[in-house]
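Asker: Counting with full-length UniProt numbering, you get residues 1 to 588 for the letters of the sequence shown. Here it is, the structure, as structure tokens.
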Amino acid sequence: MCGIAGIFGEPDRALLERMTRRLEHRGPDGWGTAVVGHAGLGSTRLSLVDMEGGAQPMSGPAGLTLAYNGELYNTVELRRELEREGPPLRTRSDTEVVLRGLERRGMAWLEEMEGMFAFALSDGERLTLARDAFGIKPLYYALVDGGRRLLFASELKALLVDPSLPRELDRTALFEWATFRFLLGERTLFRAIRQVPPGGTLEISRRPDGLLELRPGRHSAPRPLTLPTREEELAELLLELLTSSVRWQRAADHPVGLFLSGGVDSSLLAALLAREGSPALHTFSLADDPESADLAMSRRLAEALGTRHHEYIFRPAELLESLPRALVAIEGPSEPTIVETAAPAIRHHVKAVLCGDGADELFAGYVLHASSAPWLKSCVESYNRMIRTGTVPVEECASTKAALRAVALPDEAAAREAFYRFFLEGQLTDAHLRVWDGGSMASGLEVRVPYLDRRIRDLALSLPWEQRVRGRTRKVLLREVARRVLPAPFAEEITERRKLAAPSAVRHTADELERVAREILPAEGREPHPLGRYCGTSSQRLLLDLFVYLFVGQGGTLPTGFEWRELYTTHGRELEQALSQALPPALK
């Protein structure tokens with residue numbers, strides 16, 4: 001895994017180096033830059049396979065240079081295919097497999113790649129950006145200098161190194177965030193910054209007048225499958241695909257661990273890893289409550305499977321102390337995440353860790369999948385609250401309104417399918433994968449997601465609804481697979497129990513944050529807070545203000561000695577300046 005950054009149009013070597021060095025936490029094993037024609041590419045490297053041979057950016061004989069952040073799980077199969085067609089590859093790294101495949105087959109090679117990735121490829125005249133089908137790995141970009149330069153990076157903070165990049169907030173994105181608590185499509189909270197969407201590509205070239213031309217594309221679209229009708233056969237097929245995915249994703253030159261939460265998703269992965277004979281499997285359980293039932297269940301299962309089990313229990317006060325650091329890592333106004341706090345300790349044991357994320361979205365595991373009405377009602381209330389605060393420009397709320405209409409359908413079957421797709425395509429990427437990636441990579445820890453395999457996705461999307469939700473039972477098919485794999489007595493016990501959601505599992509911390517926010521927020525003056533209408537709770541306003549202070553005011557860095565509880569006192573003037581810079585006149 002890596003961090004990548006770069007410039008296209010008029011690359012400045014000094015700026016390129018600063019952007020790349022800003023991502024050293026993502027790749028502590030080395031970094032490098034290359035300028036090829038109109039393109040400057042940078043990479044920092046976390047090496048898990050072929051630690052000596054995978055230096056980046058990597059150039060090939062066809063004149064292409066690649067900066068690649070990711071893991072290609074079917075490397076062995078694709079390497080064999082390439083070497084049947086041509087000369088042997090020089091290294092064992094998946095970077096060379098990606099580069100040689102792109103040289104020979106162009107963007108069609110993406111259809112063969114099973115893994116998580118974001119990359120930049122250039123011949124000096126053109127630049128191509130691409131992101132994996134699920135958006136597991138982030139990739140941001142921004143046009144500057146009147147459209148003559150394009151910046152790209154794995155993280156927002158690397159883009160903010162360029163002083164010419166405006167730091168205004170995006171009103172449409174704020175409206176989406178306030179309604180759904182995640183962003184839709186390509187938006188970020190910054191007006192000038194976009195992200196390559198999951199399964200997206202972006203080709204950039206220069207026009208004769210020096211302006212850049214951007215051409216978006218798509219890859220890895222879902223493929224409808226004709227599935228067996230018998231549940232037993234479906235369960236066998238899903239088990240086969242999950243086993244293959246786990247087998248691929250455990251491969252590394254270093255030990256690989258697993259986040260074990262005690263629920264169906266991670267427990268099934270633990271059982272599959274144990275069945276595969278994974279040597280010295282480390283399992284990790286995280287919580288903010290030592291009496292958590294999830295901790296107890298994880299401990300029992302780990303003992304039964306014979307893993308090297310580790311528990312990290314952080315009291316709410318500890319997690320709140322790390323709040324600014326967590327926001328800098330995950331690059332959004334999200335609630336406290338235990339992943340960022342625990343990652344440094346986990347990194348002492350493993351360089352990569354698997355998690356069960358994506359199973360709820362693919363197999364309909366949320367309570368809302370059984371009944372979306374309460375969620376929809378809450379979103380509509382948030383939407384109406386913002387509308388009531390005053391005149392809202394049409395363009396600010398248009399995307400949110402369209403999204404609400406798309407899931408509020410009169411036909412029940414159509415509505416539940418629309419809601420299922422909405423969460424899979426929206427919440428998964430922005431509310432979950434971004435948190436996992438940022439929280440872990442801040443410590444150079446790679447998180448792998450076995451459920452997010454395109455073969456498993458295609459199966460899940462092709463399932464009849466009764467294999468997802470049956471009455472009050474959710475994840476019907478996945479639970480059936482778990483019953484077949486988990487050891488007794490866990491098979492029934494785990495598949496029937498309820499657990500806290502990952503990656504947070506910090507219910508007590510969220511409550512404490514709301515209490516503290518109410519204490520420290522200043523009383524409303526004559527002029528309402530410029531971001532107030534986007535916040536339904538005190539903690540939401542605090543998180544958004546803190547995000548503005550850290551990213552608009554500080555460029556995504558954490559000042560030495562910063563105390564977030566003094567945001568409105570000691571740091572109040574700096575916050576006001578950041579808010580003034582962040583908010584377009586229409587918001588004031």
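Even for Gly, the Cβ is constructed at its ideal location relative to N, Cα and C.
Based on DSSP bridge pairs, tell me the residues matched to Val469.
Answerer: For Val469, which the question treats as bridged, DSSP gives the partners Arg474.
Asker: What are the boundary residues of the beta strand (DSSP E) that includes Ala280?
Answerer: Ala280 -> no beta strand (DSSP E), and no H or E assigned at all.
Asker: Determine the direct distance from the alpha carbon of Gly115 to that of Leu354, and round the result to whole angstroms.
Answerer: If you take the alpha carbons of Leu354 and Gly115, they lie about 13 Å apart.
Asker: List the DSSP bridge partners of Trp248.
Answerer: Trp248 pairs with nothing; no bridge assigned.
Asker: Beta carbon of Ala408, beta carbon of Leu376: below 8 Å?
Answerer: In this structure, Leu376 lies closer than 8 Å to Ala408 by Cβ.
Asker: Do Ala120 and Leu110 have their CB atoms nearer than 8 Å?
Answerer: No.
Asker: Does the ligand FAD have a heavy atom nearer than 7 Å to the CB of Arg22?
Answerer: The ligand FAD is absent from the structure shown, which contains no ligands of any kind.
Asker: Reducing DSSP to helix, strand and coil, say where Arg303 ends up.
Answerer: It is Glu, not Arg, that sits at residue 303 in the sequence shown. Three-state DSSP puts Glu303 in a helix.
Asker: Look at the Cβ atom of Ala574, then the Cβ atom of Tyr549, and state whether they are nearer than 8 Å.
Answerer: For the sequence presented, residue 574 should be read as Glu rather than Ala. Yes; because the gap between Cβ atoms is below 8 Å, this pair is in contact.
Asker: Check the C-beta distance from Leu428 over to Gly358 and give it rounded, since I have them as a contact under 8 Å.
Answerer: So it is a contact: roughly 6 Å between Cβ atoms.
Asker: Cβ of Arg434 within 8 Å of Cβ of Pro138?
Answerer: Yes. Within cutoff.
Asker: Could you tell me whether the region 387–405 touches the region 291–310, using the rule of 3 or more Cβ pairs below 8 Å?
Answerer: No: the two stretches stay apart, fewer than three of their Cβ pairs being nearer than 8 Å.
Asker: Kindly list the residues whose CB is nearer than 7 Å to the CB of Gln195, restricted to its own chain and excluding five residues on each side of it in sequence; keep chain order.
Answerer: The answer, listed in chain order, is Pro138, Leu139, Tyr140, Glu186 and Thr188.
Asker: Going by the DSSP bridge assignment, what does Thr33 pair with across the sheet?
Answerer: Answer is Gly42.
Asker: Should Pro503 go down as buried or exposed, given a rule of 16 or more other Cβ atoms within 10 Å for buried?
Answerer: Residue placement at Pro503 cannot be trusted, given a pLDDT of 48 that sits under 50; what the coordinates show is reported in the next sentence. So Pro503 counts as buried.
Asker: How about Asp132 and Phe152: are their beta carbons less than 8 Å apart?
Answerer: No.
Asker: Would you say Ala408 faces chain B, with C-beta separation under 8 Å as the test?
Answerer: Among the protein chains of the structure shown there is no chain B, as only one such chain exists.
Asker: Am I right that Gly101 and Glu112 are in contact with their C-beta atoms under 8 Å? What's the rounded C-beta distance?
Answerer: About 7 Å; that satisfies the 8 Å criterion.
Asker: Look at the alpha carbon of Arg479 and the alpha carbon of Ile338, and state the distance between them as a whole number of angstroms.
Answerer: Spanning the two alpha carbons is a distance of roughly 26 Å.
Asker: Return helix, strand or coil for Leu214, following the three-state DSSP convention.
Answerer: Leu214 falls in the strand class under three-state DSSP.
Asker: With DSSP as the reference, identify every bridge partner of Leu72, one or two as the case may be.
Answerer: Gly115.
Asker: Given that a residue counts as buried once 16 or more other Cβ atoms are within 10 Å of its Cβ, and exposed if not, what is Asn384?
Answerer: Under this definition Asn384 is an exposed residue.
Asker: Who are the near neighbours of Gly6 in its chain, counting only those whose CB is closer than 7 Å to its CB and skipping five residues on each side?
Answerer: Closer than 7 Å at the Cβ level, and outside the excluded window around Gly6, lie Leu16, Ala39, Gly40, Leu41, Gly42, Ala67, Ala120 and Phe152.
Asker: What are the residues that DSSP puts in a beta bridge with Gln195?
Answerer: Beta-bridge pairing links Gln195 to Tyr140.
Asker: Taking only the alpha-carbon atoms, compute the straight-line gap between Ala235 and Ser154 and give it to the nearest angstrom.
Answerer: Rounded to the nearest angstrom, the two C-alpha atoms are 37 Å apart.
Asker: Compare the C-alpha of Ala158 against each of Tyr568, Thr557, Pro374 and Arg215 and name the closest.
Answerer: The option with the nearest alpha carbon to Ala158 is Thr557.
Asker: Tell me the residue span of the beta strand (DSSP E) that contains Tyr451.
Answerer: It is not in any beta strand (DSSP E) - Tyr451 carries neither H nor E in the DSSP assignment.
Asker: Excluding the 5 residues flanking Glu176 on each side, which residues of the same chain have their C-beta closer than 8 Å to its C-beta?
Answerer: The residues are Phe182, Leu183, Leu184, Arg187, Ser399, Thr400 and Ala403.
Asker: Just to confirm, are Gly9 and Arg206 a CB contact at a threshold of 8 Å?
Answerer: Cβ atoms of Gly9 and Arg206: closer than 8 Å.
Asker: Quick check: the Cα distance between Arg448 and Ala352, rounded to an integer number of angstroms?
Answerer: Arg448 and Ala352: Cα-Cα distance of roughly 7 Å.
Asker: Which of the three DSSP states is assigned to Phe422 in this structure?
Answerer: Helix, per DSSP.
Asker: In whole angstroms, what separates the C-alpha of Ala345 from that of Ala406?
Answerer: Roughly 43 Å between the two C-alpha positions.
Asker: Can you look up His309 in the DSSP assignment and give me helix, strand or coil?
Answerer: Strand at His309.
Asker: DSSP three-state call for Phe190: helix, strand or coil?
Answerer: Strand.
Asker: Straight-line CA distance for Cys397 to Pro222?
Answerer: Whole-angstrom Cα-Cα distance: 29 Å.
Asker: Use the C-beta contact count for residue 652: other C-beta atoms within 10 angstroms, 16 or more gives buried, fewer gives exposed.
Answerer: Only positions 1 to 588 of the chain appear in the structure, and residue 652 is not among them; the question remains open.
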